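FYI, the UniProt record's numbering numbers position 141 of the sequence shown as 141, with every residue one higher than the one before it.
Before any comments, here is the structure.
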Amino acid sequence: LGTRILRIAERKIDLKGVMMISGVVGPSALYQGCVKLAKERTLLPEKDLNKMEANLEKCLKGISECNELGPGRPPLGYHCRRAAVTCESLLVDPITKTGTSVYDLRVDDGNEEDLYAFELGDFEDFLNLESVQEHLGVSKWWYVENEEVFEVFSQYTTYDTTHFVTELLNKGMKVLVLNGDQDYVTNSLGTLKWLSSLKGTEKYGEKLGRVPTKNLDYGEGQLFGRLWASKYANGAKLAFIEVCTIGSTRDVTEAGHCPALNKPLGTQHVFNKFLSGELWDRA
Numbered sequence: 001l002g003t004r005i006l007r008i009a010e011r012k013i014d015l016k017g018v019m020m021i022s023g024v025v026g027p028s029a030l031y032q033g034c035v036k037l038a039k040e041r042t043l044l045p046e047k048d049l050n051k052m053e054a055n056l057e058k059c060l061k062g063i064s065e066c067n068e069l070g071p072g073r074p075p076l077g078y079h080c081r082r083a084a085v086t087c088e089s090l091l092v093d094p095i096t097k098t099g100t101s102v103y104d105l106r107v108d109d110g111n112e113e114d115l116y117a118f119e120l121g122d123f124e125d126f127l128n129l130e131s132v133q134e135h136l137g138v139s140k141w142w143y144v145e146n147e148e149v150f151e152v153f154s155q156y157t158t159y160d161t162t163h164f165v166t167e168l169l170n171k172g173m174k175v176l177v178l179n180g181d182q183d184y185v186t187n188s189l190g191t192l193k194w195l196s197s198l199k200g201t202e203k204y205g206e207k208l209g210r211v212p213t214k215n216l217d218y219g220e221g222q223l224f225g226r227l228w229a230s231k232y233a234n235g236a237k238l239a240f241i242e243v244c245t246i247g248s249t250r251d252v253t254e255a256g257h258c259p260a261l262n263k264p265l266g267t268q269h270v271f272n273k274f275l276s277g278e279l280w281d282r283a
């Protein structure tokens, strides 16, 4: 979407940058991160970890076929659907079968809300209250999720959209990528590996990989995570934040697939610094 906005000048949208939370942009690196994370944390017995590592090539082959037309070109639907099923069944489902949540490795599957900073409540009921709809000036029933749309969308999780991120950077945009360290499906290990490979008119990833990491605090010295941030000659800015603990004894300071729900104040703080550009003040 960001690149489409930039390409269509007549829309006159003054786009400054893009922020991605728990995204899937470089699927090959992400699934490699799954295997690495599973091994580092011993999420499965050794024989199952070895089997998962051996199956990685099948997943990577499928991703390659999905993106056979090349960077920035449309995905090949049939191959993408097959690759998504292959990668999920071989590299994600084995973790799910243990009962562990692949969205937050600290809890059992389905218990992710236990570590949210606040109780979500039933916002579908709330947004469909007659008084709320009247105030908003709407009349249609609001749904939390459309399963049919989600299923169609999810088959393209193996579509590599790196080209579009590179295009944003080549245009001098700022890009922030944020992941929780307890997330398995969009893990920070694979995301950082992907970011480190970014290359366009500048060697974006190479420079990002060389910068010293910094602890990122918010509020009264509360730890949010680790920050990598770099600036480039063409005006582009790139940053990665891993929401995590760093030798901390404080309770529940990491984040899973939904960092904004685990650390809402910290996420808002980071968002404001992204908008103002302060994230890169000392880059």
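Virtual Cβ for every residue (Gly too), placed ideally from N, Cα, C.
Given the structure is predicted, the values throughout are model-derived calculations rather than measurements.
Which one or two residues does DSSP pair with Y218 in a beta bridge? One-based indexing of the sequence shown puts residue 218 at position 218. Q222.
Mind checking who T100 pairs with in its DSSP beta bridge? Position 100 of the sequence shown, counted from the start, is the residue given in the question as residue 100. Partner(s): D108.
Between which residues of its own chain and W194 is the CB-CB distance below 6 Å, once the five residues before and five after are set aside? For the purposes of this step, residue 194 is identified with residue 194 of the sequence shown, where counting begins at 1. Correct list, in chain order: G26, A29.
Taking 8 Å as the threshold (C-beta atoms), are L238 and V200 in contact? Counting from one through the sequence shown, the residue named residue 200 turns up at place 200. Counting from one through the sequence shown, the residue named residue 238 turns up at place 238. First, the residue type needs correcting, since residue 200 is Gly and not Val in the sequence shown. Not a contact, by the Cβ cut-off of 8 Å.
Below 6 Å CB to CB, which residues in the same chain sit around M20 once its five sequence neighbours on both sides are set aside? As a position in the sequence shown, residue 20 is number 20, starting the count at 1. Closer than 6 Å at the Cβ level, and outside the excluded window around M20, lie V177.
Taking R82 as the reference, give the member of L60, G72, Y103 with the closest Cα. Here residue 82 is taken as the residue at index 82 of the sequence shown, counted from 1. Considering only alpha carbons, the answer is L60.
Leaving out the 5 sequence neighbours to the left and right, which residues in its chain are closer than 8 Å to G110 when beta-carbon positions are compared? As a working mapping, residue 110 is identified with position 110 in the sequence shown. Closer than 8 Å at Cβ, skipping near neighbours: S101.
Compare the C-alpha of T157 against each of Q133, I95, Y78, F224 and name the closest. One-based indexing of the sequence shown puts residue 157 at position 157. Of the candidates Q133, I95, Y78, F224, the one whose C-alpha sits nearest the C-alpha of T157 is Y78.
Per DSSP, what are the beta-bridge partners of A239 in this structure? Taking the sequence shown and counting its residues from 1, one reaches residue 239 at position 239. A239 pairs with L176, A229.
So what does DSSP say about V152, is it helix, strand or coil? Stepping through the sequence shown from its first residue, residue 152 is reached at position 152. V152 falls in the helix class under three-state DSSP.
Mapping the DSSP letters down to three states, classify G121 as helix, strand or coil. Along the sequence shown, one-based indexing puts residue 121 at 121. Reduced to three states, the DSSP call for G121 is coil.
In this structure, does DSSP put G72 in helix, strand or coil? By one-based count along the sequence shown, residue 72 stands at place 72. Three-state result, G72: coil.
Answer yes if the segment 125–141 comes into contact with the segment 40–56, meaning at least three C-beta pairs across the two stretches below 8 Å, and no otherwise. no
Going by other Cβ atoms of all chains shown within 10 Å of its Cβ, with 16 needed for buried, is I241 buried or exposed? Taking the sequence shown and counting its residues from 1, one reaches residue 241 at position 241. By the 10 Å Cβ count, I241 comes out buried.
Of all the options C34, G17, T3, S154, which has the alpha carbon lying nearest to the alpha carbon of Q182? Working through the sequence shown from its first residue, we reach residue 182 at position 182. For the residues C34, G17, T3, S154, the minimum Cα distance to Q182 belongs to C34.
V103: buried (16+ other C-beta within 10 angstroms of its C-beta) or exposed? For the purposes of this step, residue 103 is taken as residue 103 along the sequence shown, with counting starting at 1. The sequence given here places Tyr at residue 103; Val does not occur at that position. Burial call: buried.
Is the beta carbon of L15 sitting closer than 8 Å to the one on M52? What you label residue 15 is simply residue 15 of the sequence shown in a count that begins at 1. What you label residue 52 is simply residue 52 of the sequence shown in a count that begins at 1. No, the Cβ-Cβ distance between L15 and M52 is not below 8 Å.
Check the DSSP bridge columns for M19 and list the partner residues they point to. Numbered from 1 along the sequence shown, position 19 holds the residue referred to as residue 19. According to DSSP, M19 bridges with L176.
Below 8 Å on the Cβ atoms is my contact criterion, and I expect D160 with I63 to pass it. Report the Cβ-Cβ distance as a whole number of Å. Locating residue 160 in the sequence shown gives position 160, where the first residue counts as 1. Locating residue 63 in the sequence shown gives position 63, where the first residue counts as 1. So it is a contact: roughly 7 Å between Cβ atoms.
What does a CB cutoff of less than 6 Å around L260 pick up in its chain, not counting 5 residues either side in sequence? Within the sequence shown, numbered from 1, the residue matching residue 260 stands at position 260. Per the sequence shown, residue 260 should be read as Ala rather than Leu. Answer for A260: T267, listed in chain order.
Since T191 is in the alpha helix (DSSP H), which residue starts that stretch and which ends it? Reading the sequence shown from its first residue, position 191 is the one you call residue 191. First-last of the alpha helix (DSSP H) with T191: 188–195.
If I measure Cβ to Cβ from K171 and keep anything under 7 Å in the same chain, skipping five residues before and after, which residues do I get? Taking the sequence shown and counting its residues from 1, one reaches residue 171 at position 171. Within the same chain, K171 has close Cβ partners L6.
Using the Cα positions of F224 and K263, report the straight-line distance between them to the nearest angstrom. In the sequence shown, counting from the first residue as 1, residue 224 sits at position 224. In the sequence shown, counting from the first residue as 1, residue 263 sits at position 263. One C-alpha to the other measures close to 8 Å.
For T213, which residues of its own chain have a beta-carbon under 7 Å away from its beta-carbon, when the five flanking residues on both sides are left out? Within the sequence shown, residue 213 is the residue found at index 213, counting from 1. R226, L227, W228.
Determine, using beta carbons only, whether E254 and N234 come nearer to each other than 8 Å. In the sequence shown, counting from the first residue as 1, residue 254 sits at position 254. In the sequence shown, counting from the first residue as 1, residue 234 sits at position 234. In this structure, N234 does not lie closer than 8 Å to E254 by Cβ.
With DSSP collapsed to three states, give me the class of Y143. Within the sequence shown, residue 143 is the residue found at index 143, counting from 1. It is coil, neither helix nor strand.
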